[in-house]
Amino acid sequence: MPLALLALALSAFAIGTTEFVIVGLLPTMAQDLQVSIPSAGLLVSLYALGVAIGAPVLTALTSQWNRKKVLLSVMGLFVIGNLVAWQAPSFEALIVARILTGLAHGVFFSIGSTIATGLVPKEKGASAIAIMFTGLTVALVTGVPLGTYIGQEFGWEATFLTVSILGLMAMLGSAILVPNNLKQAKPTRLATQLKVLTHPRLLLVYAITAIGYGGTFIVFTYLAPILNEVSGFEASAVGLILLVYGVSVAVGNIWGGKMADSLGPIKALTIIFSGLAAILMMLSFTAYNPVTAVMTILVWGAFAFGNVPGLQVYVVKLAEKYTPDAVDVASGLNIAAFNVGIAIGAWAGGLIVETHGLMNTPAVGAIVVLAALVLTRYSGVLDKNSQTGAVSQSRC
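Using the numbering used here, you'd call the opening residue of the sequence shown number 138 and step up by one each time.
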């Protein structure tokens, strides 16, 4: 295994930590910055919006650059963004810092897979990508709870300083270990992306992704306030509960992938979205008791991220059929759709908290996820109709 893969995994760990650690620190940051919790939720929304813009647009604009140069530039931007967050003199400056790091996140995961596969023989490409994405999984399991603990013990600014140090270490590792002569991918033109974005079948899957993820983040963004104010947990316990959630997410990712392989994406997504809607609705009742709240969150983690493999596989499957010359672009735009969902979900959750209260977020989140389920079933019907039509034409 090339050591350069470890540098990529460390980058993914730092990036994953800085994206989701806000969830655990939201009450602390809102109080310190003297803003409302829904306003603090914009730190999640605008970061995700930066990812959604960075992934397709900046990747296309830098497609002719040397891959190593792009990687180092992106990690430099990530470090600068977190240093700005560390020293942010105001809430507005912190928002700018979050957008900068979001842009870096989007480009990193767009080019990371290409770089990882370029480091190993072709037959080991999937394993190389898995090693890189391990950093993101480990961030959810350990980075987020650890970052939450650091922020609660030493101030939220210390979390951003710690992440920037990790990003600098990953950047230096990449500078030393990643070769300069990586295979250059075919330049991605914006026109190609527009072709993908105008195909109705792919647009439908992007809508499923954004709506399904948005439903989760209506609630997940405000999980720490729910645990504090409704379940009665001390702030110090939130990090431990996020650790439980992270372990569940890791298990759910594997489970969701195996289910998508064995049952097919539509059946797998039907099961996962149905379970996710039920769990979110259940949280409306179980959040009032500490024990049942943690049990619900444990199950929720498995369903919340279990849909990721199925959605990615489904996008690739449809892209191979309808836009075969833009499969990578279609896959990358689905990552953008995930983050559009996060951005809209966090924003919508803030509106719900502000106007109707914290404990209306689970029920609304469940309804939104059910909308994703309906779209999933509709897409399955379109698949069957397409197959039937193809069979009829072949017989003729």
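C-beta: ideal position from N, C-alpha, C; glycine also.
If we ignore side chains and look at the alpha-carbon of each, how far apart do residue i and residue j end up?
| i | j | result |
| --- | --- | --- |
| proline 446 | glycine 401 | 11 Å |
| serine 421 | tyrosine 382 | 17 Å |
| glycine 218 | glycine 304 | 10 Å |
| glutamine 224 | alanine 189 | 25 Å |
| alanine 312 | valine 207 | 11 Å |
| methionine 212 | glycine 482 | 27 Å |
| asparagine 522 | tyrosine 515 | 11 Å |
| asparagine 318 | lysine 205 | 8 Å |
| valine 490 | isoleucine 472 | 27 Å |
| alanine 503 | valine 275 | 27 Å |
| threonine 498 | asparagine 426 | 17 Å |
| serine 176 | glutamate 260 | 48 Å |
| isoleucine 232 | valine 501 | 26 Å |
| leucine 306 | histidine 242 | The identity of residue 306 in the sequence shown is methionine, whereas the question assumes leucine. When rounded, the distance between both Cα atoms is 16 Å. |
| leucine 220 | glutamate 294 | 9 Å |
| leucine 209 | methionine 308 | 6 Å |
| phenylalanine 357 | threonine 285 | 15 Å |
Can you tell me the Cβ-Cβ gap for residue i and residue j, rounded? I've got them flagged as a contact below 8 Å.
| i | j | result |
| --- | --- | --- |
| phenylalanine 246 | alanine 192 | 7 Å |
| isoleucine 266 | glycine 478 | Not really, about 23 Å apart at Cβ, beyond 8 Å. |
| leucine 142 | alanine 253 | 6 Å |
| alanine 387 | leucine 214 | No, alanine 387 and leucine 214 are not in contact; Cβ-Cβ is about 28 Å, not under 8 Å. |
| valine 505 | glycine 352 | 3 Å |
| valine 315 | methionine 496 | That pair is no contact at about 48 Å. |
| leucine 195 | leucine 240 | 6 Å |
| isoleucine 174 | leucine 186 | That belief does not hold up - the Cβ atoms of isoleucine 174 and leucine 186 are roughly 19 Å apart, past 8 Å. |
| leucine 360 | valine 160 | 6 Å |
| isoleucine 403 | threonine 513 | 6 Å |
| threonine 154 | valine 281 | 6 Å |
| phenylalanine 475 | tyrosine 350 | 5 Å |
Count the other C-beta atoms from every protein chain shown that fall within 10 angstroms of the C-beta of residue i, then say buried if there are 16 or more, exposed otherwise.
| i | result |
| --- | --- |
| threonine 433 | buried |
| phenylalanine 291 | exposed |
| serine 264 | exposed |
| arginine 235 | buried |
| glutamine 289 | buried |
| valine 511 | exposed |
| glycine 272 | buried |
| valine 428 | exposed |
| threonine 492 | exposed |
| alanine 230 | exposed |
| asparagine 390 | buried |
| valine 452 | buried |
| glycine 494 | exposed |
| proline 362 | buried |
| leucine 549 | The structure shown does not extend to residue 549, since the chain is modelled only from 138 to 533, so the question has no answer here. |
| glutamine 449 | buried |
| serine 399 | exposed |
For the alpha helix (DSSP H) holding residue i, just list the boundary residues, first then last.
| i | result |
| --- | --- |
| glycine 239 | 228-255 |
| serine 385 | 372-400 |
| alanine 151 | 140-170 |
| serine 210 | 204-223 |
| lysine 259 | Segment: none, lysine 259 is in no alpha helix (DSSP H) and carries neither H nor E. |
| isoleucine 313 | 293-314 |
| valine 436 | 427-459 |
| leucine 558 | Nothing can be reported for residue 558: it is not among the residues displayed for the chain, which extend from 138 to 533. |
| leucine 341 | 337-357 |
| isoleucine 363 | Looking at the DSSP string, isoleucine 363 is not in any alpha helix (DSSP H), and its letter there is neither H nor E. |
| leucine 179 | 179-190 |
Give a yes or no on whether the minimum CB-CB distance between residue i and chain B is below 8 Å.
| i | result |
| --- | --- |
| valine 160 | Checking the listed chains, one finds no chain B in this structure; it contains a single protein chain. |
For the structure I just gave you, are there three or more beta carbon pairs, one from the stretch 142-158 and one from the stretch 364-372, closer than 8 Å?
Because the criterion of three Cβ pairs below 8 Å is not met, the stretch 142-158 and the stretch 364-372 do not touch.
Would you check if there are 3 or more beta carbon pairs closer than 8 Å linking the stretch 453-467 to the stretch 331-338?
With a cut-off of 8 Å, the stretch 331-338 and the stretch 453-467 count as touching, because enough Cβ pairs lie within range.
At least 3 beta-carbon pairs within less than 8 Å: the stretch 171-189 vs the stretch 289-309:
Because the criterion of three Cβ pairs below 8 Å is not met, the stretch 171-189 and the stretch 289-309 do not touch.
Would you check if the stretch 411-426 and the stretch 436-452 touch, i.e. whether three or more CB-CB distances between them fall below 8 Å?
Under the 8 Å Cβ criterion, the stretch 436-452 counts as touching the stretch 411-426, having at least three qualifying pairs.
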